[in-house]
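A.B. asks:
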Amino acid sequence: MLEEAQGEPRHFVFLDTTPLTHFARIGELDRLGEWLPGSYTAAYVMEHEILDWVKDYPHNRLVGEVKWLEAIPADTAVDAKLIADLSIRFPDRATKNIGELHVIALAKRFGGTAIIEDQQARKAARSDDAKVKSTYMVSMIGAAATCGLISENEAWDIQKRLEIGRERSVIRSTDRREFREMVGFMKELL
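This is the structure we're talking about:
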């Protein structure tokens, strides 16, 4: 349980729906677990945004079976207040961002990083209300290449496969030059 692990000097990672379901879709869910062992998602995300959709997306079932991921509820009064405060940032899409808001609330509570794709949700995460670190999947993939977990070519292959039929990333599947530049910049930072 997360509370038991709090005494350990570690950084908590909270994954939203998109990285989990898309890595499952391309057969790379285990790799995600190798990069981010002991990660978390919101119970709301697991139940309502992943497992409730197994009939339409059979690969979602795999997300519920991995051992490296724990789903925990964003159920404290502080979580509820933050979710309510941030929800006003999404007036046109009333229920679409509930999962992201739960992930943000958990990342705030435990001082972790949220891996979320929705740009509006990332802005909410960085707001004065939340002050939560967040990153895109493509940045996570670039960091894996930068740290030597995979080669840059493997990282680019994963990015391309994630973007098939999606094309909503900050670095699209046709932008290898931009991906290479991002990884190079990350290496310089090291």
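Add 220 to a position in the sequence shown, counting from 1, and you land on the number used in the numbering used here.
No residue lacks a Cβ here, since even glycine has one placed at the ideal position from N, Cα and C.
1. How far does the beta strand (DSSP E) with ALA334 in it extend, from its first residue to its last?
2. May I have the straight-line CA-CA distance separating TYR277 from GLY404, to the nearest angstrom?
3. Do ILE335 and ASP236 have their CB atoms nearer than 8 Å?
4. In the DSSP assignment, what are the bridge partners of PHE232?
5. In this structure, does DSSP put LEU409 in helix, strand or coil?
6. If you reduce the DSSP assignment to three classes, tell me which class GLU248 lands in.
7. Please give the ranges of any beta strand (DSSP E) in the segment 312-378, keeping only runs that are unbroken, at least 3 residues long and fully inside the region.
8. Quick one: residues in its chain with C-beta nearer than 8 Å to the C-beta of GLY319, no 5 flanking neighbours on either side, listed in chain order?
9. Once you ignore the five residues that flank PRO239 on each side, which residues in its own chain have a CB closer than 6 Å to its CB?
10. To the nearest whole angstrom, what separates the beta carbons of PHE234 and TYR260, a pair I think is in contact under 8 Å?
11. Taking all protein chains shown into account, decide if ALA297 is buried (16 or more other Cβ within 10 angstroms of its Cβ) or exposed.
12. Compare the C-alpha of HIS231 against each of LEU409, ARG329 and PHE399 and name the closest.
13. In whole angstroms, what is the alpha-carbon distance linking ALA300 and ALA294?
14. So does the segment 246-255 actually touch the segment 367-384, counting three or more Cβ pairs closer than 8 Å?
15. For ALA262, which residues does DSSP report across the bridge?
16. For the putative contact between ALA341 and ILE324, defined by C-beta atoms under 8 Å, what is the C-beta separation to the nearest angstrom?
C.D. replies: In short:
1. 333-335
2. 35 Å
3. yes
4. For PHE232, which the question treats as bridged, DSSP gives no partner whatsoever.
5. helix
6. coil
7. 333-335 and 353-355
8. ASP236, THR237, ALA262, TYR264, VAL265, HIS268 and GLU269
9. ILE335 and MET357
10. 5 Å
11. exposed
12. ARG329
13. 7 Å
14. yes
15. ILE292
16. 7 Å
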